[in-house]
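One structure is given here, and the rest of the page talks about it.
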Amino acid sequence: TPSLRLGRSSERIYNFMDAQYYADIRLGTPEQNFSVIFDTGSADLWVPSSYCVSQACASHRRFMAFDSSTFHHDGRMFGIHYGSGHLLGVMARDTLKVGGLTILNQEFGESVYEPGSTFVLAKFDGVLGMGYPALAEILGNPVFDNMLAQKTVDEPVFSFYLSRRTSGGNPEGELMLGGTDESMYIAPIHWIPVTAKGYWQIKLDSVAVQGVSSFCPRGCQAIVDTGTSLITGPSHDIFNLQQLIGATPTNIGEFLIDCARLSSLPHVTFVLGGKEYTLTAEQYVRKEMLGDREMCFSGFQSVDILSPEGPLWILGDVFLTEFYSVFDRGQDRVGLAPA
Amino acid sequence: AVVRIPLRRAPSIRSQLRADGLLEEFLRDHRPDMFSRRYAHCFPSG
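Note that the protein sequences, when read in sequence, are chains A and B.
Just add 79 to the spot in the first sequence (first one is 1) and you have the numbering used here.
Just add 1279 to the spot in the second sequence (first one is 1) and you have the numbering used here.
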């Protein structure tokens, strides 16, 4: 029987629809290259398998276990439940290289079935989760836990810089394993304790629009998630917030904003750990060119996820392109500073 | 060691579908409840 555990909400697979930041890893000996999303909202590493039968695998690189001299067969099935079905695969262990680091005997999943066709268009082959072990679907240590166990990094810390600039910016993004890159943020870093060790979950003190505390008056929870692109929150709150920023719904569940009005739109402030993190309309609006027309979409989306600590907001890339984020497993805390 | 992993940014799947004029059809096939979302606020919460 597969070691199935419910994944995140049905939003999961569709959040990859907006994923934009990825990098290469190498698995096996000789090395096989894969591009993955480094996702703090999950804790599994999976790549397509050469045995995969889905359309999505045909257009991506697939792991060839029989080619790797360091491959260890595990054979147990794993499943990650998405809204539209299960991603199913077989567990394995092999040597993983990330940047210059080598991790021995890393557990990972070889996917043999990928649901829906979202992954068909994906620029990435798989996902490398950087959440806590409690979030893992695949048995065994997540990658960063193995880095800590095998002492391949100096500090039990990793950090993200995500650039707002479209391709051509230099760099477009950066993951620092084992420390922080002081050239990428304006010190000091403000620390917020993790409240539940699964996601990188922290307390959100309040959310204000144009200085008026509008949401979470008594505090709620937020997860800092590099695998989600937008800022999400409970439907009821997000609907009101969309109104406050003048966003109007389209028939496919997106919210449009008049690009000409950005300078007059209110800013949105998240209070975390007693400190204010403010996004202007230029920062929370996503611009896209459609032909020769520029369209402006709200960077806020309704996602209803309940946690024992209350409804969850997700601080995705829209937030993380403005604020450098540091994830500290040593002291179970998240650090934020203006990027 | 402290290791720097450069991240690349690429147009998202959503942007690709929109540019190809396929987003609405894709969401209709894979995410029909997206369309009901537009009117979710007209109903009592829950």
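Even glycine gets a Cβ: it sits at the ideal position worked out from N, Cα and C.
Model, not experiment: these values are computed from the prediction.
query: Take Val1282 (chain B) and list the residues in its own chain whose beta-carbon comes closer than 7 Å to its own, dropping the five residues that flank it on each side.; result: none
query: Classify Pro212 (chain A) as helix, strand or coil using the three-state DSSP reduction.; result: helix
query: Mind listing the chain B neighbours of Met170 (chain A)? Cutoff is C-beta to C-beta under 9 Å, in chain order.; result: Near Met170 (chain A) there are no residues of chain B at all, since even the closest Cβ is about 24 Å away, more than 9 Å.
query: Anything in chain B within Cβ reach of Gln99 (chain A), meaning under 7 Å, just list it in chain order.; result: Arg1288, Ala1289 and Ser1291
query: Run through DSSP, which three-state label would His165 (chain A) get?; result: strand
query: Does the Cβ of Gly252 (chain A) have 16 or more other Cβ atoms within 10 Å, making it buried, or fewer, making it exposed?; result: buried
query: Which whole-angstrom value describes the C-beta separation of Trp270 (chain A) and Gly352 (chain A), a residue pair presumed to lie in contact below a C-beta threshold of 8 Å?; result: 7 Å
query: Taking C-beta pairs closer than 7 Å, name the residues in chain A that Pro1323 (chain B) reaches, listed in chain order.; result: None at all; the shortest Cβ gap to chain A is about 10 Å.
query: Anyone know if the C-beta pair for Ser128 (chain A) and Arg141 (chain A) falls short of 7 Å?; result: yes
query: Taking 7 Å as the CB-CB limit, is Glu373 (chain A) close to chain B?; result: no
query: Quick one: which chain B residues come within Cβ less than 7 Å of Lys202 (chain A)?; result: Ala1289
query: In whole angstroms, what separates the C-alpha of Gln362 (chain A) from that of Val288 (chain A)?; result: 14 Å
query: Residues in its own chain within less than 7 Å of Val273 (chain A) by CB, not counting five upstream and five downstream?; result: Trp279, Gln280, Ile281, Asp411, Arg412 and Val413
query: Per the DSSP calculation, Lys276 (chain A) is bridged to which residue(s)?; result: A:Trp279
query: Would you please verify whether the beta carbon of Glu1303 (chain B) is less than 7 Å from any beta carbon of chain A?; result: yes
query: Would you kindly work out how many angstroms separate the C-alpha atoms of Thr348 (chain A) and Gly290 (chain A), rounded to a whole number?; result: 7 Å
query: Measuring alpha carbon to alpha carbon, tell me which residue in A:Cys295, A:Leu399, A:Thr359 and A:Asp316 is nearest Val350 (chain A).; result: A:Cys295
query: Just to confirm the assignment, what range does the beta strand (DSSP E) spanning Arg365 (chain A) have?; result: Val364 to Leu369
query: Name the DSSP beta bridge partners of Ser292 (chain A), please?; result: A:Ala287
query: Closer than 6 Å: is that where the CB of Phe318 (chain A) sits relative to any heavy atom of the ligand HEM?; result: Looking for the ligand HEM in the displayed structure turns up nothing, as the structure carries no ligands at all.
query: May I have the straight-line CA-CA distance separating Thr359 (chain A) from Gly378 (chain A), to the nearest angstrom?; result: 11 Å
query: Please report how far the alpha carbon of Val382 (chain A) lies from the alpha carbon of Glu189 (chain A), in whole angstroms.; result: 29 Å
query: Could you tell me whether the Cβ of Val1282 (chain B) comes closer than 7 Å to any Cβ of chain A?; result: yes
query: Would you grab the beta carbon distance between Asp284 (chain A) and Ile393 (chain A) for me? Rounded to a whole angstrom, and I think it's under 8 Å.; result: No, Asp284 (chain A) and Ile393 (chain A) are not in contact; Cβ-Cβ is about 16 Å, not under 8 Å.
query: For a test of the three-state rule: what should DSSP assign to Met156 (chain A), helix, strand or coil?; result: strand
query: Cutting at 7 Å between CB atoms, please list the residues of its own chain near Phe150 (chain A), excluding the five before and the five after it.; result: Gly107, Ala144, Ala171 and Asp173
query: Which of the three DSSP states is assigned to Asp118 (chain A) in this structure?; result: strand
query: Assess contact between the segment 227-245 of chain A and the segment 1282-1295 of chain B, defined as three or more Cβ pairs (one per stretch) separated by less than 8 Å. Is contact present?; result: yes
query: CB Gly325 (chain A) to CB Leu344 (chain A), shorter than 7 Å?; result: yes
query: So who's on the other strand from Val232 (chain A), going by DSSP bridges?; result: Partner(s): none; Val232 (chain A) has no beta bridge.
query: Count the other C-beta atoms from every protein chain shown that fall within 10 angstroms of the C-beta of Met368 (chain A), then say buried if there are 16 or more, exposed otherwise.; result: exposed
query: Looking at the strands, I want to know which residues DSSP matches up with Gly414 (chain A).; result: A:Trp270 and A:Val405
query: Using the DSSP secondary-structure output, state which residues sit across from Val303 (chain A) in a beta bridge.; result: A:Leu394
query: Helix, strand or coil for Phe150 (chain A), going by three-state DSSP, please let me know.; result: coil
query: Cβ closer than 8 Å: which chain B residues qualify as neighbours of Leu369 (chain A)?; result: Arg1297 and Ala1298
query: Buried or exposed: where does His139 (chain A) fall if 16 or more other Cβ atoms within 10 Å of its Cβ makes it buried?; result: buried
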